[in-house]
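Engineer: Following this message is one structure expressed as structure tokens.
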Amino acid sequence: MCRNCWRIVAGAISLDEAASRAIAATAAYTKRQATWFRHQKLADQRNTHTIRSRFTDSAQFSESTVRSIISFINLSS
38 MCRNCWRIVA GAISLDEAAS RAIAATAAYT KRQATWFRHQ KLADQRNTHT
88 IRSRFTDSAQ FSESTVRSII SFINLSS
């Protein structure tokens, strides 16, 4: 069981506090991953697309960007 879960059970923190801590830990982990990937040459730079924000659907991208992403996914599978 996670550390924050034990703290909830013990009454040391609230469920809301545990959720806030989990969100902060996830954000920090995501930032570390982004830093790692930024320093790796995994693909030709012309074939990469970096998404620098959270998104919920493809409506936030131009049609050509969506086509490019879908094409890349189809090539990879």
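Throughout the sequence shown, residue numbering follows the numbering used here, covering 38 to 114 in sequence.
Idealized CB from N, CA, C, for every residue including glycine.
1) Below 6 Å CB to CB, which residues in the same chain sit around residue 105 once its five sequence neighbours on both sides are set aside?
2) Counting along the chain, where does the alpha helix (DSSP H) carrying residue 49 start and finish?
3) Quick one: residues in its chain with C-beta nearer than 8 Å to the C-beta of residue 42, no 5 flanking neighbours on either side, listed in chain order?
4) Compute the Euclidean distance between the alpha carbons of residue 66 and residue 100, then round it to the nearest angstrom.
Structural biologist: Working from what's here:
1) For residue 105, where only same-chain residues beyond five positions count, there are no Cβ hits under 6 Å.
2) Counting along the chain, residue 49 sits inside no alpha helix (DSSP H), nor does DSSP assign it H or E at all.
3) These residues qualify, in order along the chain: 55.
4) Our two residues, residue 66 and residue 100, have alpha carbons roughly 31 Å apart in a direct line.
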